[in-house]
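>
Protein chains: 4
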Amino acid sequence: MGSKSIQKKQYILEKAKSVFAQKGFKSVTMQDIIDACQISRGGLYLYFESTREIFLEVLRLEGEEADDTFSEAMTEESTGSDILALFLKEQKKEILNKGENLTVAIYEFFFANKVPKKENPVRIQFNSAVKIIQQLIMDGVEAGEFICDDPLGAARNMMYVLEGLKVCAQTMGITEETVNREILYMMKGLISES
Amino acid sequence: MGSKSIQKKQYILEKAKSVFAQKGFKSVTMQDIIDACQISRGGLYLYFESTREIFLEVLRLEGEEADDTFSEAMTEESTGSDILALFLKEQKKEILNKGENLTVAIYEFFFANKVPKKENPVRIQFNSAVKIIQQLIMDGVEAGEFICDDPLGAARNMMYVLEGLKVCAQTMGITEETVNREILYMMKGLISES
Amino acid sequence: MGSKSIQKKQYILEKAKSVFAQKGFKSVTMQDIIDACQISRGGLYLYFESTREIFLEVLRLEGEEADDTFSEAMTEESTGSDILALFLKEQKKEILNKGENLTVAIYEFFFANKVPKKENPVRIQFNSAVKIIQQLIMDGVEAGEFICDDPLGAARNMMYVLEGLKVCAQTMGITEETVNREILYMMKGLISES
Amino acid sequence: MGSKSIQKKQYILEKAKSVFAQKGFKSVTMQDIIDACQISRGGLYLYFESTREIFLEVLRLEGEEADDTFSEAMTEESTGSDILALFLKEQKKEILNKGENLTVAIYEFFFANKVPKKENPVRIQFNSAVKIIQQLIMDGVEAGEFICDDPLGAARNMMYVLEGLKVCAQTMGITEETVNREILYMMKGLISES
DNA sequence: CATGAATGAGAGTTCATTCAT
DNA sequence: GATGAATGAACTCTCATTCAT
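For the record, the sequence lines run as chains A, B, C and D. When you read off a place in the first sequence, starting at 1, and then add 46, the result is the number in my numbering. When you read off a place in the second sequence, starting at 1, and then add 46, the result is the number in my numbering. When you read off a place in the third sequence, starting at 1, and then add 46, the result is the number in my numbering. When you read off a place in the fourth sequence, starting at 1, and then add 46, the result is the number in my numbering.
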């Protein structure tokens, strides 16, 4: 079970991602992935033992890609508020479920699969996002764009609101206006907070 | 064919609620509910056709009970900030998953079952909570307890944060300290917001 | 399990007949009959143990009624050919499935339930019909209406054709024209047979 | 997903045929066929979705085989009356239920499953048999073996009698003598009809 | 490595039959 | 007599997992 063909593994993970994006986690069967990959049953089991294992690898890949995207953005010469705006735009896309997006699958998976805190990729992603936002706010404050006496608190608050928007979008439906309004509300807090 | 024994129906719904609270929605089988109720296969089908139907009734019951709880609290002579504190305490309990609590089941159900906006019980509950919080904030402002120039915006923001906390609690785990900290952050905003 | 209420038993049998006429035998459940009778489950079991038992009684009743109908026709002052024509008209109705009619139910029942020859109501009915037709033909010959040197053979042949038409009507569909044509073919044989 | 192993499919169809021959159509469950084939539940579902589907394929196979048998007989150098006698001998076997024979199953199936006339295999088989018999009679007339001024009518009549015998054999039981007698009756008509 | 037929556990559903009231 | 809730066996269908080729 070492490496087999890395390329084939990548190929399976890409196709599997689409499947999870469409069907969430729990409803996905090995057959779904076999169909999506046009691969044999045995062939799939050669690389992965379960949908769980596949999903975790899909997630790992996603995490790496997300980090790359962020790194790029951060290295460009931009102000804190610019990058924050960019970040929020990305989040808006995810909230509104534009494009393939694993939100529901992630929720379904981690509801049922308790992962040790330290290794929990959702937690890791969340915390790293908080730190980045905190830094962006601090940059913004330094640049005179923002007023904020608790950048960490504000960053955390922002992440919880975004998470709340994400889950509400999936359970009750949310319009773009609603997302805009909530983001605006938070930005106002950064500009005028005493 | 409608009711059979109302008491038995209630009994099944109570037991089923425990099951949903423990296993979410998607993983629950009729067998699980049969086991929990200690009744026969056919006996259960006498009252309900599917886990979906059972879940919807459990939800309806929950909604009624929640409304009652709120009504009681509201009729007591208390200031806005007191009731808000009470509400947040309840929410904290739910977030931290003390007692039987359907959070995960609700999420799982509404991820998979798209319900027309107007009839979506999650949406209805959310919106009614927003209105109540808005009112409480306005009461608090009137009483000089709060400072807030956008009570509706603040109420909405608060609800999204709470929703974010709920979902994060389920996916990554959250400590009581974290919840306290986030609530405190929001309350500070109500006290000192310019 | 003696008589209970004879009237109720009759009532159940009437309703049950409709059910068998609509659904055949095998697909009929006790529930179907309960629904048709608007009676309680236990109530039905008080009178009958199974659909099989109900069906046999329905059949017995049918047999009696059929005999009565025939007796009436025979007592009227008519020629053999008139009564034969009347008989064939009735058969045509049954073949074409006009009105409530147990054809399919009878087939389904006796395919699956082997009954001793002597007690088999279908056989009894068939044989008595053969005898009557034979007599009618002989009457017709006597009256100079028919020419036939083997009235028993002709009667049997006629009954098999009718049975063939009945079963074909149910399995492949048959038009009124087809029935008319076949009856005409047989009648011609009775008029011109050498 | 179409064929898997053709041989296995054939094997299942053979075993299934026995089952249908013994139990008719309606009472046959997938379990019955599983038992007869000594395969696993999932194994059967790999090839067929329902007893209905299996039955239709069994029927198709039967039809093909029957056609072959007929073709052979027809190509041999024989007179019309010889082939007709052969045909009737085959029919006699079927009527008397010698060997595996789907009569009851076919009846049960087509009682419950209304098939468009044009596609109804029973109808198709019936009509093609009528045509063949008509031809055989005409051949016999030409050869001076038969006297018949309405070969089509006679052929149809013969088929309905045979159908009547078949169904009576299943519902009330019939002896070989009865079949012989009825066939003889029809043959006499072909020899001496005016 | 790769294939896909085969397996069997388990979920959903229906119904004849019983029995306390 | 009459009721209808309760039972459990039997059916249908699906899927993760294995294994001979």
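All residues carry an ideal CB built from backbone N, CA and C; glycine is no exception.
Does any CB atom of chain D fall closer than 8 Å to the CB of G210(C)?
yes
> Expressed to the nearest angstrom, what Euclidean distance is found between the alpha-carbon atoms of M47(A) and D114(A)?
Bear in mind that the predicted position of M47(A) carries a pLDDT of just 43, short of 50, making it unreliable; the figure below should be weighed with that in mind. Each residue's alpha carbon lies about 28 Å from the other.
> Residues of chain C with CB under 9 Å from R242(D), in chain order?
Absent from the model: residue 242(D). The displayed extent of chain D is 47 to 240, so no value can be given.
> How about K163(D): is its C-beta nearer than 8 Å to some C-beta of chain C?
yes
> Going straight from the alpha carbon of A67(D) to that of F101(D), what length do you get?
11 Å
> Should A189(B) go down as buried or exposed, given a rule of 16 or more other Cβ atoms within 10 Å for buried?
Here A189(B) is exposed, its C-beta having fewer than 16 other C-beta atoms within 10 Å.
> Within the 8 Å Cβ cut-off, does K177(C) reach chain D?
no
> When you compare only the Cα positions, how much space is there between P167(B) and M218(A)?
Within the model, the alpha-carbon separation for P167(B) versus M218(A) is close to 9 Å.
> Would you kindly work out how many angstroms separate the C-alpha atoms of V161(A) and Q56(A), rounded to a whole number?
24 Å
> Using 8 Å for Cβ pairs, my map puts N143(B) next to A62(B). What's the rounded Cβ distance?
Contact doesn't hold; Cβ gap of about 18 Å is too wide.
> Which same chain residues, not among the five before or five after K163(D), have their C-beta less than 8 Å away from its C-beta?
R169
> For I229(D) versus L134(D), is the C-beta spacing smaller than 8 Å?
Yes, these two residues count as a Cβ contact at 8 Å.
> Is A158(C) close to chain D, meaning its C-beta is less than 8 Å from at least one C-beta of that chain?
Yes, contact with chain D.
> Tell me the DSSP secondary structure of Q84(C) in three-state form.
coil
> Between which residues of its own chain and L182(B) is the CB-CB distance below 7 Å, once the five residues before and five after are set aside?
G126, I129 and L130
> Against chain D, does M47(C) count as a neighbour if the rule is that its beta carbon must be under 8 Å from one of theirs?
Residue placement at M47(C) is flagged as unreliable, the pLDDT there being 44, under the threshold of 50; the coordinate-derived value follows with that caveat. Nearest CB-CB separation between M47(C) and chain D: not below the 8 Å threshold.
> What separation, rounded to the nearest whole angstrom, lies between the Cα atoms of I80(C) and T121(C)?
40 Å
> Suppose only complete runs of 4+ residues qualify. What are the alpha helix (DSSP H) ranges in the segment 123-154 of chain B, listed by chain order?
126-141
> List, in chain order, every chain B residue whose beta-carbon is nearer than 9 Å to that of N166(A).
T217, M218 and G219
> Within a Cβ cutoff of 6 Å, which residues of the same chain sit near T224(B), ignoring the five residues on either side of it in sequence?
none
> If you check the beta carbons only, do F157(B) and Y93(A) fall under 8 Å apart?
no
> Which same chain residues, not among the five before or five after V176(B), have their C-beta less than 7 Å away from its C-beta?
Cβ within range, chain order: A201, R202 and M205.
> Is it buried or exposed for E146(D), if we count other Cβ within 10 angstroms and need 16 for buried?
exposed
> Hey, K72(A) and K72(B) are a contact pair by Cβ (cut 8 Å); roughly how many whole angstroms apart?
5 Å
> Which residues in chain A sit within 8 Å of S64(B), going by Cβ to Cβ distance?
The premise fails here: S64(B) is roughly 17 Å from chain A at the closest Cβ pair, so nothing lies under 8 Å.
> Tell me, please, whether the CB atom of C214(B) is closer than 8 Å to any CB atom in chain A?
yes
> Consult DSSP for G70(C) and reduce its assignment to one of helix, strand or coil.
coil
> Taking a Cβ distance cut-off of 8 Å, strictly less, list which residues of the segment 57-88 of chain A are near chain B, in chain order.
If you check each beta-carbon in the segment 57-88 of chain A against every beta-carbon of chain B, the ones closer than 8 Å belong to G70, K72 and S73.
> L148(A) and L107(A): beta carbons closer than 8 Å?
Against a cut-off of 8 Å, the Cβ pair of L107(A) and L148(A) comes out as no contact.
> Return yes when the Cβ of E140(D) is within less than 8 Å of the Cβ of G210(C), no when it is not.
no
> Is the Cβ of F172(C) closer than 8 Å to any Cβ of chain D?
yes
> Which same chain residues, not among the five before or five after E222(A), have their C-beta less than 7 Å away from its C-beta?
Its chain contains L142 as the residues whose beta carbon lies nearer than 7 Å to that of E222(A), once the 5 sequence neighbours on both sides are disregarded; these appear in chain order.
> Note down, in chain order, each residue of its chain lying with its Cβ closer than 6 Å to the Cβ of C138(B), except the 5 sequence neighbours on either side.
According to the sequence as given, residue 138(B) is Lys; it is not Cys. Short of 6 Å from the beta carbon of K138(B), and not among the five residues preceding or following it, lie these beta carbons of its own chain, in chain order: V225.
> Would you mind giving the Cβ-Cβ distance between M232(B) and V207(B), rounded to the nearest angstrom? I have them listed as a contact below 8 Å.
Between M232(B) and V207(B), the beta carbon gap of about 6 Å places them in contact (Cβ cut-off 8 Å).
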